[in-house]
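Before any comments, here is the structure.
There are 2 protein chains.
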Amino acid sequence: MPETKVKKSEDFNEWYNEIVELADLCDKRYPIKGMNIWKPYGWKLMNNVDRLIRDEMQNTNHQEVCFPLLIPESFFKKEEEHIEGFGKEVFWVTHAGLNQLEERWLLRPTSETAMYPIFSLWIRSHTDLPLKTFQIVNTFRYETKQTRAFIRVREIHFFEAHTCHVDFLDAERQIKEDKEIADRLLTKLCLPYVFSKRPEWDKFAGAFYTISIDVLMPSGRTLQIGSIHQYRDNFSKPYEISYETEKGDHAFVHQTTYGMSERLLGALIGVHGDNKGLIMPPEVAPLQVVIIPIIFKGKEHTVLQECKTLQAKLIHEGIRSHVDDREITPGNKYYDWELKGVPLRIEIGPKDVEKNELTIARRDTTKKKSISLKDAEKAIQTELQSLEKTLYENAEKLLNENIHNVKMIEEAKEKIGIIALPWCGNKDCALKIENVLEGNTLGEPIENAECRDPCPVCGGPAKTWMRYAKSY
Amino acid sequence: MPETKVKKSEDFNEWYNEIVELADLCDKRYPIKGMNIWKPYGWKLMNNVDRLIRDEMQNTNHQEVCFPLLIPESFFKKEEEHIEGFGKEVFWVTHAGLNQLEERWLLRPTSETAMYPIFSLWIRSHTDLPLKTFQIVNTFRYETKQTRAFIRVREIHFFEAHTCHVDFLDAERQIKEDKEIADRLLTKLCLPYVFSKRPEWDKFAGAFYTISIDVLMPSGRTLQIGSIHQYRDNFSKPYEISYETEKGDHAFVHQTTYGMSERLLGALIGVHGDNKGLIMPPEVAPLQVVIIPIIFKGKEHTVLQECKTLQAKLIHEGIRSHVDDREITPGNKYYDWELKGVPLRIEIGPKDVEKNELTIARRDTTKKKSISLKDAEKAIQTELQSLEKTLYENAEKLLNENIHNVKMIEEAKEKIGIIALPWCGNKDCALKIENVLEGNTLGEPIENAECRDPCPVCGGPAKTWMRYAKSY
């Protein structure tokens, strides 16, 4: 079978670019840097991921809303830290038709400053809380760094949940729920991850604290695919989101947000793909099973009939499947669908029909086996589950082999991936390590963070572990 | 039951505004004119309409794509008529961060000029045709007229299908398919409509011809809820979308587009609602059935259990249902759900449980009846179908009673709604009638347009009928 020009193990970044192109996920020829065209296969994949997110949101009583894209400059400027964090990264609308606008509007980079002035109208009483909302929208950031499909773009397909609570503790409960949602979702995508609490100087603009969700890519670099923020009352004060308590007092709400983006696709592609193309986790595969009739003259009808009967059974079981009856060789069909990462390929030929059998080929292991046509849909379901498990285990192995707790900088320099070192809590010490490792801080582990070793820079007592990595 | 302050029959426009507000479909307090916030109920409704559109697109082999929001000015300017039509109605992005852009970008008002330069890369050969794509996205128009929720807004939730064909005839076949799609969709929304071929001076910028899809609102005004355009090769020439024919020649593609928007919601609300609130066509109702337990002390458990058992059966049948077990009076619940337009309300009380019965109340007729609990889901399904039929018939009656073919201007002046008069084909004659009727041309009927009467303005022989209406 043909393979990519660039091998994944040799030059991951080039391999990634090639695979995105070959699998026809997006078209990068649009003339604005970092604004790509979603092609049908890529958009289906993204929609399947969105569907999982919507299911999670519905099961946790979040309500879907959709706020305007444009934010008046005055709304944006109410929270000082936030404007400082984003001010240089936004696009400005200044004219409408032939007129200059009285006030400039920005394209949302994220929706805090669009939503929160309105939340202050929606929330009056403790009975309005918790308010749990989310939206899936296009957001915009003026990236000046090199762009990369799904990973660093300027128009971003973005999920953002925004919640308001009576107090800090209830907001903390929301963060616990968010972590559970992330875990369920990423398990379905076969993507093991780490949660890290970002250091003070690297948290989200305006947040009380930020938990980043990072995936390790096979290049050894991490990809942040989501973040969860505890805002406390940092936004509710400037945006005046207060409520009447049960006792009749007034209090500011405590807020959280949880964001993820099309980077989830970047992670899927990078972690699971191989030199033959994508490998799609069954939960989000646009197509889970492709059925290829192996046709010889005179037997076409029976074989094709058998393929269609099987497809009908699969559809009945809720398995996304397709019969590829194009007039090209089976080999060319194999090539196409391997590139697209369809988890299972079924081959049915005249001999299979005679023996009441079919052949299953797995995309991940490339192993083939014959199974009985009777109850084939059950066997296929089982095989999809087994493939999902394998994808997860392979990714977990990659992560576990490349996450290191070490005590000395010299040791750290020899490692690739996520490297944790004891940390005294001093910013300068962390920055010095960043510098030596040519990476950046990822944050503290949110569990089992205790560390009794000395800080490798200043020798002072460590408060915690600090993770470092090279990141996308 | 409480009713709206303003009655639908007395002041339709005010009633519309009130109902949109009361039913909590959107929040109009966002500080940019014509940019409203989709609230959860309104967004669910919109998503249900989108789902029907996506189903239609899938069944007709259209592929969903998603193009960037921003369009470089140079792309936009390639087609002269188009820029003239839209130039004054677009928002311009001129700055990114602290920098002025080298070239201005506009927010898409529609995506021809974003897509077509890329189509010229996608299409090489006749085997790439037809190309049938669509997207559902946010678009932007700088409306200077008075805005109205869902009907005239500046950020528009928009569906746009774009297709390319080998020749004019194949593009005409696409337009036939589009009309069939519109018919199936609008039937599901219980919205009878008229197709009109717009006059030359009122067609879409750059189109060869435009078919508008109009619904008659109870105010007597028409609402254009969609349009289908035949572009011929008007765009493919400037955007250089050509292909190699079977014979090896090069030819320009012929193109069509089909667009609809959130105006579909405006039509739903306006046509079906009454003084108690919305009435949702079952196909798109966020909730099709609400079940209200009528609880008396001591019997709570049995009644609630019965409600939940019924809900489980309804969900199994694919019927969107909800048990309202809030601790407020049944009367208040009735009020809430009537406002939201839930098609059917089920009441179950202790006596119903004893008699193995339940009560169904229809939102449209307000009629109640008792049915047996056994096989209730079948009876409910039937009742939903019957309600759908009634909604359609009522709307059809409204349309039929307010569409008039008349021969003389004096006669026309006495009519309300859609008025057709003989037309000689002369623009001045049509404009004169527009002026007298204080309305605008809707266009020629696309079927049975022959007319043998003289033009009521110049007396010359009429070529066709021309429709006039006051429009939103």
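Same order as they appear, the protein sequences are chains L and G. Here the first sequence stands for residues 170 to 641, numbered as in my numbering. Here the second sequence stands for residues 170 to 641, numbered as in my numbering. No residue lacks a Cβ here, since even glycine has one placed at the ideal position from N, Cα and C.
Bridge partner(s) assigned by DSSP for residue i
{"i": "residue 290 of chain L", "result": "In the DSSP output, where bridge partners are listed per residue, residue 290 of chain L has none listed."}
{"i": "residue 411 of chain G", "result": "G:421"}
{"i": "residue 635 of chain L", "result": "L:590"}
{"i": "residue 429 of chain L", "result": "L:328, L:395"}
{"i": "residue 385 of chain G", "result": "G:391"}
{"i": "residue 610 of chain G", "result": "G:637"}
{"i": "residue 268 of chain L", "result": "L:265"}
Below-8 angstroms beta-carbon distance, residue i vs any chain L residue
{"i": "residue 653 of chain G", "result": "One cannot answer for residue 653 of chain G here, as it falls past the ends of chain G, which runs 170 to 641."}
{"i": "residue 206 of chain G", "result": "yes"}
{"i": "residue 258 of chain G", "result": "yes"}
{"i": "residue 218 of chain G", "result": "no"}
{"i": "residue 196 of chain G", "result": "yes"}
{"i": "residue 290 of chain G", "result": "yes"}
{"i": "residue 287 of chain G", "result": "yes"}
{"i": "residue 250 of chain G", "result": "no"}
{"i": "residue 453 of chain G", "result": "no"}
{"i": "residue 225 of chain G", "result": "no"}
{"i": "residue 324 of chain G", "result": "yes"}
{"i": "residue 274 of chain G", "result": "yes"}
Cα-Cα separation between residue i and residue j, rounded to whole angstroms
{"i": "residue 625 of chain L", "j": "residue 384 of chain L", "result": "26 angstroms"}
{"i": "residue 458 of chain G", "j": "residue 640 of chain G", "result": "34 angstroms"}
{"i": "residue 576 of chain G", "j": "residue 554 of chain G", "result": "40 angstroms"}
{"i": "residue 462 of chain L", "j": "residue 558 of chain L", "result": "28 angstroms"}
{"i": "residue 221 of chain L", "j": "residue 298 of chain G", "result": "34 angstroms"}
{"i": "residue 234 of chain G", "j": "residue 238 of chain L", "result": "20 angstroms"}
{"i": "residue 511 of chain L", "j": "residue 218 of chain L", "result": "16 angstroms"}
{"i": "residue 546 of chain G", "j": "residue 507 of chain G", "result": "21 angstroms"}
{"i": "residue 308 of chain G", "j": "residue 192 of chain G", "result": "25 angstroms"}
{"i": "residue 334 of chain L", "j": "residue 223 of chain L", "result": "21 angstroms"}
{"i": "residue 622 of chain G", "j": "residue 267 of chain L", "result": "45 angstroms"}
{"i": "residue 437 of chain G", "j": "residue 454 of chain G", "result": "11 angstroms"}
{"i": "residue 633 of chain L", "j": "residue 440 of chain L", "result": "29 angstroms"}
Test: residue i CB closer than 8 angstroms to a CB of chain G
{"i": "residue 265 of chain L", "result": "yes"}
{"i": "residue 311 of chain L", "result": "yes"}
{"i": "residue 641 of chain L", "result": "no"}
{"i": "residue 209 of chain L", "result": "yes"}
{"i": "residue 236 of chain L", "result": "yes"}
{"i": "residue 232 of chain L", "result": "yes"}
{"i": "residue 592 of chain L", "result": "no"}
{"i": "residue 200 of chain L", "result": "yes"}
{"i": "residue 443 of chain L", "result": "no"}
{"i": "residue 587 of chain L", "result": "no"}
{"i": "residue 305 of chain L", "result": "no"}
{"i": "residue 262 of chain L", "result": "yes"}
{"i": "residue 212 of chain L", "result": "yes"}
{"i": "residue 409 of chain L", "result": "no"}
{"i": "residue 634 of chain L", "result": "no"}
CB contact flag (residue i, residue j, <8 angstroms)
{"i": "residue 260 of chain G", "j": "residue 311 of chain G", "result": "yes"}
{"i": "residue 406 of chain G", "j": "residue 210 of chain G", "result": "no"}
{"i": "residue 396 of chain G", "j": "residue 379 of chain G", "result": "yes"}
{"i": "residue 303 of chain G", "j": "residue 231 of chain G", "result": "yes"}
{"i": "residue 426 of chain G", "j": "residue 573 of chain G", "result": "no"}
{"i": "residue 564 of chain G", "j": "residue 361 of chain G", "result": "yes"}
{"i": "residue 515 of chain L", "j": "residue 529 of chain L", "result": "yes"}
{"i": "residue 429 of chain L", "j": "residue 324 of chain L", "result": "no"}
{"i": "residue 317 of chain L", "j": "residue 612 of chain L", "result": "no"}
{"i": "residue 420 of chain L", "j": "residue 408 of chain L", "result": "no"}
{"i": "residue 540 of chain L", "j": "residue 527 of chain L", "result": "yes"}
{"i": "residue 493 of chain L", "j": "residue 460 of chain L", "result": "yes"}
Where residue i meets chain A, residues with beta-carbon distance less than 8 angstroms
{"i": "residue 188 of chain L", "result": "Protein chains in the displayed structure are L and G, and chain A is not among them."}
Proximity test, residue i beta-carbon vs the ligand ATP heavy atom, cut-off 7 angstroms
{"i": "residue 321 of chain G", "result": "The ligand ATP is not among the ligands present in this structure, which contains no ligands whatsoever."}
### Contiguous beta strand (DSSP E) assignments of at least 3 residues, all confined to the stretch 276-358 of chain G
The stretch 276-358 of chain G contains these whole beta strand (DSSP E) runs: 300-309, 324-334.
### Query
Fully enclosed by the stretch 513-552 of chain L, which alpha helix (DSSP H) runs are 4 residues long or longer?
Taking only runs of at least 4 residues, the alpha helix (DSSP H) segments lying wholly in the stretch 513-552 of chain L are 519-524.
#### Entry: Completely contained beta strand (DSSP E) runs for the stretch 554-602 of chain L, where each covers 3 or more residues
Secondary structure in the stretch 554-602 of chain L: the beta strand (DSSP E) runs of 3 residues or longer, each lying completely within the stretch, are 572-574, 587-592 in chain order.
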